[in-house]
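**Student:** Got a structure for you, questions after.
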Amino acid sequence: LPAQLEITEKLLAQYAPLLELAPAGGEDLPFWTDVQRPMVPLRASRLLQPGPGVRYFGAGRALAGLASLQERVRASPALQADLGLGAPMEREDALELIGHLRKCWSPQAPERRHRRHAVKSRLGVVNGLAGAIEALDQESSLSFDGGGAENWVVENVSAGGFGALVTQTKGDWLRVGALLALQPEGGSNWLVGVVRRVHRTSGAQARVGIETLAKSPQIVRLSLGASVSGALETGLLLRADGPAAAEMRIALRPGVFAPGLNLESRVGGRQHIYMPARIGERGDDYEIGRFREMVRDE
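One rule links them: number in the working numbering = place in the sequence shown (from 1) + 553.
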């Protein structure tokens with residue numbers, strides 16, 4: 554997420570003096586790079602042949618610093634966590650971010666949540682919240698001709714998402730955090746996902762990691778609290794698979810989510826009230842709010 558990326562950059566700058574760097578590898582130096590080559594740092598699966606540009610590095614004392622920061626945030630009763638970086642952030646978001654960094658910086662590589670399987674298939678992709686709503690909206694499905702959709706090649710798939718090859722994009726929108734509607738080859742259903750990783754292999758080609766947010770997203774028409782204007786806001790209901798989650802996620806255009814302002818919808822003679830908890834994610838053209846849902850018969 555853009556806000557989390559900014560906080561991460563500031564944390565990296567703060568803890569950079571505590572990192573360890575050496576010409577030879579070791580248990581506490583799990584990463585490597587070659588300063589004489591144009592490459593990104595990698596986690597070392599084995600020790601490499603020594604070279605003039607090869608350097609190994611690890612988190613060093615920064616791991617203990619992150620652990621201390623995490624405990625301080627966890628012990629604080631405040632809903633906003635002050636990380637000493639100029640701007641507070643939601644306490645739960647801060648704990649999630651720090652925990653993620655500790656896993657990534659650990660000498661032991663974090664295990665994948667889902668096993669990946671190699672495949673070769675095509676994936677229809679529509680960019681942005683408005684595009685996703687248009688693709689999913691049954692009322693406008695007859696007018697949706699897929700002209701704005703792109704075709705990507707899926708290279709691997711897991712229960713949590715896709716790895717895809719992008720040969721060309723229409724515009725310059727492809728970046729981490731972009732919201733997507735996804736239609737697997739041969740299917741009529743749409744999924745909703747978000748770009749988590751972009752690795753550009755050439756000027757026009759890239760490999761992309763996509764996290765699936767919902768396998769059965771729904772269009773939802775929402776009234777804003779006790780509004781009497783009659784205006785409805787259109788969003789995407791992103792229900793989690795499996796057991797009912799404590800919170801419901803809804804993708805909305807920026808500025809709709811507001812603390813203390815309930816959203817309401819009526820479906821099949823039942824009133825659904827969504828009580829806002831927090832913003833879970835932000836992108837250029839959307840916000841994903843987390844809500845507690847209450848349902849009652851009318």
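For glycine and all other residues, C-beta sits at the position ideal for the given N, C-alpha and C.
Predicted, not measured: the structure shown is a model, and the values here were computed from it.
(1) Unbroken alpha helix (DSSP H) runs of length 4 or more, entirely within the segment 674 to 753: which are they?
(2) For residue 614, which of helix, strand or coil comes out of DSSP?
(3) Going along the chain, which residues of its own chain have a beta-carbon closer than 6 Å to the beta-carbon of residue 557, five neighbours each way excluded?
(4) What is the DSSP secondary structure of residue 621, reduced to helix, strand or coil?
(5) Look at residue 838 and residue 683 and say whether their C-beta atoms are less than 8 Å apart.
(6) In this structure, does DSSP put residue 842 in helix, strand or coil?
(7) Would residue 801 be called buried (16 or more neighbouring beta carbons within 10 Å of its own) or exposed?
(8) Any beta carbon of chain B sitting closer than 8 Å to that of residue 612?
(9) So, at 7 Å on beta carbons, what are the nonlocal neighbours of residue 751 in its own chain, with the 5 sequence-adjacent residues on each side left out?
(10) Could you tell me if residue 740 is buried or exposed, where buried requires 16 or more neighbouring beta carbons within 10 angstroms of its beta carbon?
(11) Roughly how many whole angstroms lie between the Cα atoms of residue 836 and residue 805?
(12) Label residue 653 either buried or exposed according to how many other C-beta atoms from any shown protein chain fall within 10 Å of its C-beta, with 16 as the threshold for buried.
(13) From residue 793 to residue 834, what distance separates their C-alpha atoms?
(14) Tell me where the alpha helix (DSSP H) around residue 580 begins and ends.
(15) Per DSSP, residue 670 is paired with what?
(16) Counting along the chain, where does the alpha helix (DSSP H) carrying residue 647 start and finish?
(17) From residue 734 to residue 744, what distance separates their C-alpha atoms?
(18) Kindly indicate which three-state DSSP category residue 571 falls into: helix, strand or coil?
(19) Where do the ends of the beta strand (DSSP E) carrying residue 598 lie?
(20) Name the residue from 738, 723, 580 whose alpha carbon lies nearest to the alpha carbon of residue 680.
(21) Quick check on residue 843: buried or exposed, where buried means 16 or more other Cβ atoms within 10 Å of its Cβ?
(22) By Cβ distance below 8 Å, which residues in the same chain neighbour residue 694 in space, the five residues on each side in sequence not counted?
(23) Secondary structure at residue 557, three-state DSSP: helix, strand or coil?
(24) State the DSSP-derived secondary structure class of residue 809, mapped to helix, strand or coil.
(25) Do residue 574 and residue 610 have their beta-carbon atoms positioned less than 8 Å apart in this structure?
**Tutor:** Short version:
(1) 682 to 689
(2) In the displayed model, residue 614 falls within coil according to three-state DSSP, outside both helix and strand.
(3) So the qualifying residues of the chain are 650.
(4) helix
(5) yes
(6) strand
(7) Its Cβ being crowded by 16 or more others within 10 Å, residue 801 is buried.
(8) The structure shown contains no chain B; it holds only a single protein chain.
(9) 727, 728, 729, 759, 761
(10) exposed
(11) Straight-line Cα distance between these residues: approximately 10 Å.
(12) Exposed.
(13) 15 Å
(14) Where residue 580 is concerned, there is no enclosing alpha helix (DSSP H), given that its DSSP letter is neither H nor E.
(15) Under DSSP, residue 670 takes part in a beta bridge, and its partners are 710.
(16) Taken as a continuous stretch (DSSP letters only), the alpha helix (DSSP H) holding residue 647 covers 644 to 658.
(17) 6 Å
(18) helix
(19) Taken as a continuous stretch (DSSP letters only), residue 598 belongs to no beta strand (DSSP E), as it is neither H nor E.
(20) For residue 680, the closest alpha carbon among the candidates 738, 723, 580 is that of 723.
(21) buried
(22) Note on residue 694: pLDDT 49, under 50, position unreliable in the model; no value is reported.
(23) Reduced to three states, the DSSP call for residue 557 is helix.
(24) Of the three classes helix, strand and coil, the one that applies to residue 809 here is coil, per DSSP.
(25) yes
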